[in-house]
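Working notes for the structure below.
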Amino acid sequence: MKERPSQQRAVELLQQLGFKEYEAKCFVALSRLPKETAKTISQASDVPRTRVYDAIRVLEAKGLVETQHTNPQQFRAAPISEAVALLRQEYESRAQELTSVLENLDSLPLDREEEITHEVWSLSGATAIESRTNELIESADEEVVLVVGRAEAFTDNLAAQLNAAAAEGTNVVVGAVTDQLRDEMREKLSGVEVFTSGLEWLESVPNDSDDTTTISRLLLVDRRTILISSSHSTANDTVTESAVFGRGFDNGVVVITRRLMATGLNQNRDHGKSS
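Under the working numbering, think of the first position of the sequence shown as 27, with each following residue one higher.
Structure, rendered in structure tokens:
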């Protein structure tokens, strides 16, 4: 039986959560059926009948499948809300344990006792970049300067983090590349200076260029830590995001970006303050 895209995606997500392929396929099939025998599950999931029983035993141990001991046996999936709650509880527990174990690992001895004064790192993926952005904002002691070049980069989570920083007394200044984005930001930010940035080059590319890369965000924290992310659109309209971030007052990337951002601020701050 050919799987629909939604079924395939459900199987993929379950596999990303640690399910084996047959376990994921059987659970997805059962979630679409009231209750069925191994034979019907095999037909609905394209899992060999002999392997259905193995998969069901694993799912049953996780609390995701119930068994009715008739002849032949019949199986049914736990309600979706209950199943998701069980999975969330399991992986939150594992995440908490992992955090504890990693934090208590012994540090490896280094061959040199040299203090790192500056560093540059890269990372990719919108989720990872947003998480690092929020982490850097949360770590701010004095000042956060953020210029957003792409509306999609200004999420509700980011707005909440900026508001929290401002509420704690951090000076938060946010720039947008368009007046429209500036107005949208002002609606979600409180106690934050919001202006239209003078860095128009963040979203513009030459007319004769095939370049589809745009700068998503420029973040400067306490004048010593910088994060720059860019987004690239592919032929099928898929958007990928990558970033670099650096720490250290003497870091060349930080110094250059500070000067670029200061130019935009100086040109727009007087007439771009939120009321």
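Yeah, the Cβ is synthetic: ideal placement off N, Cα and C, and Gly gets one too.
Quick caveat, the model's predicted, so the values are computed rather than measured.
Between residue i and residue j, which are expected to be in contact by the criterion C-beta below 8 angstroms, what is the C-beta distance as a whole number of angstroms?
i	j	result
E168	T196	7 angstroms
F313	V91	Since the displayed the chain opens at 27 and closes at 301, residue 313 lies outside it and no answer follows.
L112	G89	5 angstroms
V218	R208	With a Cβ gap of about 11 angstroms, V218 and R208 do not count as contacting.
Can you list, in chain order, the residues of its chain with a C-beta nearer than 6 angstroms to that of residue i? Leave out the 5 residues immediately preceding and following it.
i	result
S71	K51, C52, A55
A152	E267
Q33	V54
A177	L207
Quick one: Cα of residue i to Cα of residue j, how far?
i	j	result
P105	I67	17 angstroms
I82	D182	40 angstroms
A179	R243	7 angstroms
T251	T264	30 angstroms
S126	V73	38 angstroms
S259	E267	9 angstroms
R58	V78	16 angstroms
Q69	E47	15 angstroms
Q122	L43	16 angstroms
T30	P98	Residue identity differs from the one stated: residue 30 is Arg in this sequence, not Thr. Going by the C-alpha atoms only, they are around 29 angstroms apart.
T76	Q115	30 angstroms
S119	T63	33 angstroms
S300	A193	With a pLDDT of 42 at S300, under the threshold of 50, the predicted position of this residue should be treated as unreliable, and no value is reported.
A36	N262	22 angstroms
D205	I282	25 angstroms
L172	A154	17 angstroms
E156	T96	51 angstroms
Y117	S133	26 angstroms
E38	E108	20 angstroms
W147	N130	25 angstroms
V84	L128	28 angstroms
F45	E213	42 angstroms
Taking the alpha carbon of residue i as the point to measure from, which residue in the options has its own alpha carbon closest?
i	options	result
K61	F45, A103, S216	A103
T240	E108, A87, Q99, S256	S256
L17	V198, E267, E213, R208	Any answer about residue 17 is impossible in this case: the structure gives the chain only from 27 up to 301.
D80	E49, K65, S107, T96	E49
Excluding the 5 residues preceding and the 5 following residue i in the sequence, name in chain order all residues of the same chain whose CB lies nearer than 8 angstroms to its CB.
i	result
R158	L149, L253, A269, F271
E164	Q187, A190, A191
K65	R75, P98
Tell me which same chain residues have a C-beta within less than 7 angstroms of the C-beta of residue i, skipping the five on either side of it?
i	result
D248	A166, D167, E168, E169
E86	T93
L215	A185, L188, N189, V200
Q41	E47, A50
R273	H144, E145, R250, T251
M211	F180, V200, A202, V220
Using a Cβ-Cβ cut-off of 7 angstroms, state whether residue i counts as contacting chain B.
i	result
E161	Within the model displayed, chain B is absent; a lone protein chain is all it includes.
Can you determine whether any heavy atom of the ligand NAD sits closer than 6 angstroms to the C-beta of residue i, and answer yes or no?
i	result
E62	This structure lacks the ligand NAD, and indeed carries no ligand of any kind.
Self-check item: Contiguous beta strand (DSSP E) assignments of at least 3 residues, all confined to the stretch 112 to 166
Solution: 145 to 150
Quiz item: Going along the chain, which unbroken runs of the beta strand (DSSP E) with 3 or more residues stay wholly within the stretch 71 to 112?
Solution: 91 to 94, 100 to 103
Self-check item: Every unbroken alpha helix (DSSP H) within the stretch 171 to 227, with a cutoff of 4 residues, ordered by chain
Solution: 182 to 193, 205 to 214
Exercise. Identify every run of the beta strand (DSSP E) within the stretch 239 to 279, keeping only runs that are complete inside it and at least 3 residues long; order them along the chain.
Key: 239 to 247, 251 to 259, 265 to 273
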